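A.B. asks: Read in the numbering used here, the sequence shown has 435 at position 435, and its numbers run on one by one without any break. Glycine included, C-beta positions come from ideal geometry on N, C-alpha and C. Every value quoted in this text rests on a predicted model; they were computed, and no experiment measured them.
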Amino acid sequence: MNNDFSRTATLLAMTGNEIPYEGANNMERSRNNNTADHPSGKLIVEGFINNLLIFPLLAIIAVTGVGAQEVKIAAAADRQTALYTVGEKVIFSITLTGVPHMDLPGKYSLTEGGQPPTLREYILSASKPAVAIEYEFKRPGFVLLNVFPSDSGLPVLQAGAGCEPEKLRPSQPKPDDFDTFWDSQKARLDAIPANEIMIPLQEVTSDSIETYAITFDNINGSKIRGYYSKPKGNGLFPAILFVNWAGIYSLNPANVTAYAKRGVIALDINPHDIENGQSIDYYKELGTGRLLGWQLQGRSNRESSYYLRMFLSCYRAGKYLTGRPEWDKKRFVVTGGSMGGGQSFITAYLCPQITALAAAVPALCDHGGMLVDRIPGWPQWISQVADKPEEKQLAASRYFDCVNFAQTIRARALVSVGFIDTLCSPSSVYTAFNALVGAKRMHNMPTAGHKGDSNWRAELKTFLYSELGIQN
1 MNNDFSRTAT LLAMTGNEIP YEGANNMERS RNNNTADHPS GKLIVEGFIN NLLIFPLLAI
61 IAVTGVGAQE VKIAAAADRQ TALYTVGEKV IFSITLTGVP HMDLPGKYSL TEGGQPPTLR
121 EYILSASKPA VAIEYEFKRP GFVLLNVFPS DSGLPVLQAG AGCEPEKLRP SQPKPDDFDT
181 FWDSQKARLD AIPANEIMIP LQEVTSDSIE TYAITFDNIN GSKIRGYYSK PKGNGLFPAI
241 LFVNWAGIYS LNPANVTAYA KRGVIALDIN PHDIENGQSI DYYKELGTGR LLGWQLQGRS
301 NRESSYYLRM FLSCYRAGKY LTGRPEWDKK RFVVTGGSMG GGQSFITAYL CPQITALAAA
361 VPALCDHGGM LVDRIPGWPQ WISQVADKPE EKQLAASRYF DCVNFAQTIR ARALVSVGFI
421 DTLCSPSSVY TAFNALVGAK RMHNMPTAGH KGDSNWRAEL KTFLYSELGI QN
């Protein structure tokens with residue numbers, strides 16, 4: 001297969017698994033899972049990663065083998081903010097620095113909404129070191145430039161731009177019985193005793209904090225497992241709940257202990273009904289066994305969706321924290337990234353005591369985006385049948401869409417979005433963000449994909465510390 005076209009297909013097909021995002025919170029998080037180390041210090045989930053998501057974050061590539069002088073290619077929009085209004089044109093540039101000893105050809109595509117991209121050719125050379133590509137925005141949304149150098153050894157470049165994203169609205173109406181459904185599911189779980197089991201972890205307990213491995217009961221005989229840490233002694237403290245990205249891995253208690261040391265009660269829960277602290281082989285076997293394809297299990301029915309149990313885990317964890325005698329009953333923050341970002345929305349809906357949420361590049365947004373020619377967010381819930389969305393999946397997805405949960409969330413919110421994110425499309429993130437009804441702030445990352453950027457990590461830390469009353 002032609003390398004340019006195969007790489008295009010690879011880029012557009014990255015919807016099956018999720019990559020750990022950079023900066024779940026301000027503390028370093030090490031995790032066990034089933035493959036090699038991720039450059040961010042985390043481990044990659046289910047063997048799925050592609051350089052297309054790593055290198056485009058810089059939007060620059062180094063070209064070798066074309067002469068003694070180093071040559072670089074970059075792609076960028078003509079505004080630092082990469083934001084425009086309807087009727088305006090974004091001018092993308094593909095630029096060359098250095099003096100190549102030969103022409104550097106390639107192809108590029110522009111993707112807007114759900115339209116299939118068309119590949120066009122370009123050539124860079126010493127006499128023509130830049131190519132300008134114009135795109136006129138006809139409506140609110142985002143456009144993505146993909147640049148494919150002909151040399152198959154070079155990574156893909158990306159640049160993105162947005163148009164009046166604050167005007168993006170839901171692709172589907174909220175079901176009339178949405179709140180009734182979730183109230184009934186909460187009541188269903190409330191009828192099941194939590195039966196919490198707390199096992200002290202002496203290796204991460206000190207003179208100042210206590211730490212436990214914790215287990216709760218959930219629906220259908222399943223379990224919720226995580227780590228809980230609190231300051232020692234009497235007192236009232238703010239609370240934080242960590243919800244997590246997609247994949248099959250172990251949590252690390254260091255995440256909760258870092259906050260307990262700062263005077264916060266902290267709970268971190270695994271999104272799956274699996275053990276923490278096991279061998280790599282344990283997580284590998286789960287990924288090829290009962291959790292194979294978990295992302296879309298039961299997607300045709302709201303009662304059988306894999307996410308029903310997961311979202312109820314968030315509810316039980318939130319209810320546990322608000323029931324702790326040491327909670328100060330004033331400050332309760334939930335945070336996570338990617339699928340954890342989506343769960344942050346869901347938890348804030350299910351647990352109205354939450355005062356603030358921080359969601360990095362949230363997944364589970366705008367499942368019906370294709371209905372209005374937008375790209376849905378991860379996990380690309382709905383399949384196409386005869387060029388139409390599968391009806392049962394479409395109907396079920398509405399009960400698990402952050403856009404619908406957001407419409408009654410009044411907690412203060414900080415959300416991030418990557419303009420070149422190909423897993424959680426920027427239009428899907430903005431559609432959910434716009435639906436929030438409380439005080440909110442969006443952190444735009446025009447040159448970042450799903451891994452985020454260093455500015456986000458700094459802003460996230462500031463937000464969390466402020467909401468929790470932590471002195472920096």
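Pairing CB atoms from the region 233 to 248 with CB atoms from the region 269 to 282, are three or more of them under 8 Å?
C.D. replies: Yes: the two stretches touch, three or more of their Cβ pairs being nearer than 8 Å.
A.B. asks: Excluding the five sequence neighbours on either side, which residues of its own chain have a C-beta within less than 6 Å of the C-beta of Thr211, listed in chain order?
C.D. replies: Taken in chain order, the residues that qualify are Leu201, Val204, Thr205, Ser229, Pro253, Thr257.
A.B. asks: Name the DSSP bridge partner or partners of His443?
C.D. replies: Ser416.
A.B. asks: Assess contact between the region 98 to 105 and the region 117 to 132, defined as three or more Cβ pairs (one per stretch) separated by less than 8 Å. Is contact present?
C.D. replies: Result yes; three or more Cβ-Cβ pairs closer than 8 Å.
A.B. asks: Between which two residues does the beta strand (DSSP E) holding Asn146 run?
C.D. replies: Its beta strand (DSSP E) spans residues 141 to 149.
A.B. asks: How about Val415 and Ala359: are their beta carbons less than 8 Å apart?
C.D. replies: Yes.
A.B. asks: Could you pull out every residue in the same chain whose Cβ sits closer than 6 Å to the Cβ of Tyr135, ignoring the five residues on either side in sequence?
C.D. replies: Only Val90, Leu110, Val143 meet the Cβ criterion.
A.B. asks: Say whether the region 384 to 392 touches the region 403 to 414, bearing in mind that this needs 3 or more beta-carbon pairs closer than 8 Å, one atom from each stretch.
C.D. replies: As far as the Cβ criterion goes, the region 384 to 392 does not touch the region 403 to 414, which means the pair count is below three.
A.B. asks: Check whether the region 72 to 81 touches the region 446 to 460, taking contact to mean three or more Cβ pairs, one atom from each stretch, closer than 8 Å.
C.D. replies: Output reads yes: the region 446 to 460 touches the region 72 to 81.
A.B. asks: Give the secondary structure of Ile91 by DSSP, where H, G and I count as helix, E and B as strand, and everything else as coil.
C.D. replies: Looking at Ile91 - three-state DSSP - the assignment turns out to be strand.
A.B. asks: Just to confirm the assignment, what range does the alpha helix (DSSP H) spanning Gly247 have?
C.D. replies: Segment: none, Gly247 is in no alpha helix (DSSP H) and carries neither H nor E.
A.B. asks: For the region 255 to 328, which segments carrying the alpha helix (DSSP H) assignment without a break, of at least 4 residues, lie completely within its bounds, in sequence order?
C.D. replies: Listed in chain order, the complete alpha helix (DSSP H) runs (minimum 4 residues) inside the region 255 to 328 are 280 to 288, 306 to 323.
A.B. asks: Rounded to whole angstroms, what is the Cα-Cα separation between Gly452 and Phe419?
C.D. replies: Straight-line Cα distance between these residues: approximately 10 Å.
A.B. asks: Quick check: what's the CA-CA separation for Trp294 versus Gly369?
C.D. replies: For Trp294 and Gly369, the distance between alpha carbons rounds to 22 Å.
A.B. asks: Around the C-beta of Ile197, are 16 or more other C-beta atoms found within 10 angstroms, so that it is buried, or is it exposed?
C.D. replies: It counts as exposed.
A.B. asks: When DSSP labels each residue in this structure, what does Glu70 get in the three-state scheme?
C.D. replies: In this structure, Glu70 counts as coil in the three-state DSSP scheme.
A.B. asks: Measuring alpha carbon to alpha carbon, tell me which of Glu275, Ser250, Phe237 ends up nearest Tyr259.
C.D. replies: Ranking the options by Cα distance to Tyr259, first place goes to Phe237.
A.B. asks: Give me the Cα-Cα distance between Ser280 and Arg139, rounded to the nearest whole angstrom.
C.D. replies: Note on residue identity: the sequence assigns Ile, not Ser, to residue 280. Looking at the two C-alpha atoms, the distance is approximately 47 Å.
A.B. asks: Short check: CB of Ser125 to CB of Leu157, under 8 Å?
C.D. replies: No; because the gap between Cβ atoms is not below 8 Å, this pair is not in contact.
A.B. asks: Please list the segments of the alpha helix (DSSP H) lying wholly inside the region 176 to 246, counting only runs of 4 or more residues, in order along the chain.
C.D. replies: Counting only runs of 4 or more, we get 178 to 190.
A.B. asks: Who are the Cβ neighbours of Gly106 in its own chain at under 7 Å, not counting the five residues just before and after it?
C.D. replies: Cβ neighbours of Gly106 beyond the five flanking positions: Tyr122, Val147, Phe148, Pro149, Ser150.
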